[in-house]
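Novice: Before we start, here is the structure in question, set down as structure tokens.
Written out as structure tokens, the structure reads:
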């Protein structure tokens, strides 16, 4: 809906946002992607410091953009992108915390589905529990690209919480249910995509291990987690 742009949160003109958007929680990671992958990248948004750049990758117009931390933040940005900028595909690349001993630091996690304790789905007035899932074709392409590039990957459920710091230890039960890792944004992205009839996928790099206590630094997460970006750009 061109007439509804710019939005309260995105200062770009309608035609400055590509139909394919690759997003990261950290806007500086979006800048890294613009510098690493895009040709003729142009800064198209800096409202609230949420940097967005549009350029071309292999001749195709692509936008890279930050989405902030948590379900409410990504919920706002992806809603506006899908519904006001008519974006067709959004791929999130981000970090996650492993919940399984066979999922190691640096591995990729392709979020086929997302469990959550968030109340985000309540707005849709569904008579039950909604299961947010990725677009199958994007998921399949991501698996094929990982195998082509020789990257270690895992496909399955992630758990996406509203809280990063938690007062109790009930989250351990998600490990027992085979959930691969924790992140904080997938359900809102997947629900917004489903409601708008669009496509979405989350690809994460394991930045820390909930069971072993292993962790990476903020600088490492910002600058060296490039395999998930290779996959995201390789499937668009």
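In this note's numbering, the protein residues as written are 3 to 238. Glycine included, every Cβ here is placed at the ideal spot set by N, Cα and C.
What is the DSSP secondary structure of residue 63, counted as helix, strand or coil?
Specialist: The answer is strand: DSSP assigns residue 63 an E or B state.
Novice: Give the straight-line distance between the Cα atoms of residue 39 and residue 129, rounded to the nearest whole angstrom.
Specialist: So the alpha carbons of these two residues sit roughly 43 Å apart.
Novice: Classify residue 201: buried if its beta carbon has 16 or more other beta carbons within 10 angstroms, exposed otherwise.
Specialist: Its Cβ being crowded by 16 or more others within 10 Å, residue 201 is buried.
Novice: Out of 168, 31, 56, 141, point me to the one whose CA is closest to residue 19's CA.
Specialist: That would be 56, whose Cα lies nearest to the Cα of residue 19.
Novice: Going straight from the alpha carbon of residue 141 to that of residue 76, what length do you get?
Specialist: Distance between the alpha carbons of residue 141 and residue 76 is about 20 Å.
Novice: Quick one, which of 10, 30, 6, 8 has its alpha-carbon nearest residue 220's?
Specialist: Among 10, 30, 6, 8, the Cα nearest to that of residue 220 is on 30.
Novice: I think residue 249 touches residue 115, with their Cβ atoms under 8 Å apart; what is that distance to the nearest whole Å?
Specialist: Here the chain has residues from 3 to 238 only, and residue 249 is not among them.
Novice: Sorted by chain position, which residues of the same chain lie with C-beta nearer than 7 Å to residue 81's C-beta, five sequence neighbours on each side aside?
Specialist: So the qualifying residues of the chain are 194.
Novice: Is the beta carbon of residue 90 closer than 8 Å to that of residue 22?
Specialist: For residue 22 and residue 90, yes; Cβs fall inside 8 Å.
Novice: Consult DSSP for residue 170 and reduce its assignment to one of helix, strand or coil.
Specialist: Residue 170 falls in the coil class under three-state DSSP.
Novice: Considering only residues of the same chain and omitting the five flanking positions on each side of residue 235, which have a CB-CB separation below 6 Å?
Specialist: Within the same chain, residue 235 has close Cβ partners 39, 59.
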